[in-house]
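Count along the sequence shown from 1, add 194, and you get the number used in the working numbering.
Glycine included, each C-beta is placed from N, C-alpha and C at the ideal position.
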Amino acid sequence: MTTATPTTSTLTGVPALAPLLARGALLSPLKRPRPDADFPRTRLVLPGLRVDLARLAAYERVCGFPTGADALPVTYPHVLGFPLAMRLMSGRGFPLPLLGLVHTSIGITRRTVIPATGAYELAVRVEGLAPHRRGTEASVVTELRAGADVVWESRSTYLARHRTTARPPAEKTPSEHREPLPARAEWQLAGDTGRRYGAASGDRNPIHLHPLTARLFGFPRAIAHGMWTVARCLAEHGTPDAAVVRAEFRSPVLLPGTVTYGAEDGGGGRFELRGARDGRLHLSGEVGPYPAA
195 MTTATPTTST LTGVPALAPL LARGALLSPL KRPRPDADFP RTRLVLPGLR VDLARLAAYE
255 RVCGFPTGAD ALPVTYPHVL GFPLAMRLMS GRGFPLPLLG LVHTSIGITR RTVIPATGAY
315 ELAVRVEGLA PHRRGTEASV VTELRAGADV VWESRSTYLA RHRTTARPPA EKTPSEHREP
375 LPARAEWQLA GDTGRRYGAA SGDRNPIHLH PLTARLFGFP RAIAHGMWTV ARCLAEHGTP
435 DAAVVRAEFR SPVLLPGTVT YGAEDGGGGR FELRGARDGR LHLSGEVGPY PAA
């Protein structure tokens, strides 16, 4: 295995998603994922970024955030960074197949309120690969800067499922064994939820769009985007202006379906999403202030 020298590549505009997704789809059958594979060390930087307010409003509507607020929702910078992440993950040098890639976790730090009308610099990089009990995970880091200051950053993990004999690191005690949090709301999710979120976010992974394309990757029906589930929960839960969010996507939310949103009593930070009928844990998360008290 050869290790590439880290480099920075400055972009002049937001990459077009359709050709990147098409390239990723075409190259996916050629990928041979493994946790010790090489990966691109390029840090993509996009300066002078401004938010498309119409697209932001569409995102707010599908996720349940109030529309027309002066500040960006805590999850929205992930959408801004998505085209840069796709440019890295759809290339020949990225060892995991883009088709069927599953978002498994995200950690977000928002250091301050982020005005929707500001100008920002985005930076995205692949941090590394790691073994997972079901395949190989990639970590992708996104940063949003206002001037010289990092105002928002995230670390996401994406899983490529494949047979593996590697023994992953010991996992923490799974939160699905905890008692369910008190139920706060029940949501009936329409079959087109994935298509609506995909239109607002640009994430048109076929596992989210239609039952037929989802079945190609082992899912009985289309599944909701992980980032939609966490955004919908945070829209209900609320977040401090400066916040730390951690969320793990435990099991797919099949569309259509009915889910229950739960949260701690007394305004605590833990929240979750479970199947309304079977109690299956789909998402567990926690939100708190930054810096931690």
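For residue i, the three-state DSSP class (helix, strand or coil)
{"i": "residue 200", "result": "coil"}
{"i": "residue 372", "result": "coil"}
{"i": "residue 228", "result": "coil"}
{"i": "residue 161", "result": "Look at the range of the chain in this structure, 195 to 487, and you will see that residue 161 is not part of it."}
{"i": "residue 309", "result": "strand"}
{"i": "residue 458", "result": "coil"}
{"i": "residue 267", "result": "coil"}
{"i": "residue 303", "result": "strand"}
{"i": "residue 465", "result": "strand"}
{"i": "residue 480", "result": "strand"}
{"i": "residue 424", "result": "helix"}
{"i": "residue 431", "result": "helix"}
{"i": "residue 136", "result": "One cannot answer for residue 136 here, as it falls past the ends of the chain, which runs 195 to 487."}
{"i": "residue 387", "result": "helix"}
{"i": "residue 339", "result": "strand"}
{"i": "residue 249", "result": "helix"}
{"i": "residue 282", "result": "helix"}
{"i": "residue 355", "result": "strand"}
{"i": "residue 211", "result": "helix"}
Nearest to residue i (by Cα), restricted to the options the options
{"i": "residue 341", "options": "280, 221 and 240", "result": "240"}
{"i": "residue 401", "options": "277, 294 and 324", "result": "294"}
{"i": "residue 302", "options": "337, 246 and 459", "result": "337"}
{"i": "residue 451", "options": "380, 408, 274 and 458", "result": "380"}
{"i": "residue 269", "options": "230, 418, 205 and 347", "result": "347"}
{"i": "residue 314", "options": "236, 253, 271 and 426", "result": "271"}
{"i": "residue 282", "options": "252, 320, 446 and 479", "result": "320"}
{"i": "residue 438", "options": "482, 415, 429 and 252", "result": "482"}
{"i": "residue 225", "options": "263, 287 and 308", "result": "287"}
{"i": "residue 442", "options": "471, 478 and 435", "result": "478"}
{"i": "residue 385", "options": "420, 425, 395 and 403", "result": "403"}
{"i": "residue 473", "options": "220, 251, 377 and 233", "result": "377"}
{"i": "residue 187", "options": "421, 217, 418 and 466", "result": "Missing from the structure shown is residue 187; the chain here goes from 195 to 487 and no further."}
{"i": "residue 202", "options": "328, 274, 217 and 278", "result": "278"}
{"i": "residue 405", "options": "448, 444 and 428", "result": "448"}
{"i": "residue 310", "options": "484, 263, 471 and 326", "result": "263"}
{"i": "residue 298", "options": "426, 425 and 420", "result": "420"}
{"i": "residue 325", "options": "304, 358, 199 and 276", "result": "358"}
{"i": "residue 332", "options": "284, 206, 221 and 304", "result": "284"}
{"i": "residue 273", "options": "252, 289 and 261", "result": "252"}
{"i": "residue 428", "options": "232, 217 and 258", "result": "258"}
{"i": "residue 230", "options": "261, 290, 410 and 199", "result": "290"}
{"i": "residue 234", "options": "305, 444 and 199", "result": "199"}
{"i": "residue 238", "options": "445, 276, 425 and 471", "result": "276"}
Neighbour-count burial assignment, residue i, 16 or more Cβ in a 10 Å radius
{"i": "residue 210", "result": "exposed"}
{"i": "residue 213", "result": "exposed"}
{"i": "residue 468", "result": "buried"}
{"i": "residue 186", "result": "The structure shown does not extend to residue 186, since the chain is modelled only from 195 to 487, so the question has no answer here."}
{"i": "residue 236", "result": "buried"}
{"i": "residue 317", "result": "buried"}
{"i": "residue 254", "result": "buried"}
{"i": "residue 248", "result": "exposed"}
{"i": "residue 372", "result": "exposed"}
{"i": "residue 462", "result": "exposed"}
{"i": "residue 322", "result": "exposed"}
{"i": "residue 412", "result": "exposed"}
{"i": "residue 454", "result": "buried"}
{"i": "residue 396", "result": "buried"}
{"i": "residue 498", "result": "Outside the modelled stretch of the chain, which goes from 195 to 487, sits residue 498, for which no answer is possible."}
{"i": "residue 344", "result": "exposed"}
Paired residues, beta bridge with residue i - DSSP
{"i": "residue 243", "result": "314"}
{"i": "residue 324", "result": "331"}
{"i": "residue 448", "result": "417"}
{"i": "residue 273", "result": "According to DSSP, which records beta bridges pairwise, residue 273 is partnered with nothing at all."}
{"i": "residue 350", "result": "300 and 334"}
{"i": "residue 237", "result": "202"}
{"i": "residue 440", "result": "301 and 480"}
{"i": "residue 453", "result": "381 and 469"}
{"i": "residue 475", "result": "468"}
Rounded Cβ spacing between residue i and residue j (contact assumed at less than 8 Å)
{"i": "residue 375", "j": "residue 456", "result": "3 Å"}
{"i": "residue 215", "j": "residue 398", "result": "6 Å"}
{"i": "residue 388", "j": "residue 416", "result": "5 Å"}
{"i": "residue 350", "j": "residue 300", "result": "5 Å"}
{"i": "residue 423", "j": "residue 476", "result": "6 Å"}
{"i": "residue 330", "j": "residue 244", "result": "Between residue 244 and residue 330 the Cβ distance is about 36 Å, and since that is not below 8 Å, they are no contact."}
{"i": "residue 292", "j": "residue 408", "result": "About 15 Å separates the two Cβ atoms, so there is no contact after all."}
{"i": "residue 355", "j": "residue 327", "result": "With a Cβ gap of about 10 Å, residue 355 and residue 327 do not count as contacting."}
{"i": "residue 480", "j": "residue 440", "result": "5 Å"}
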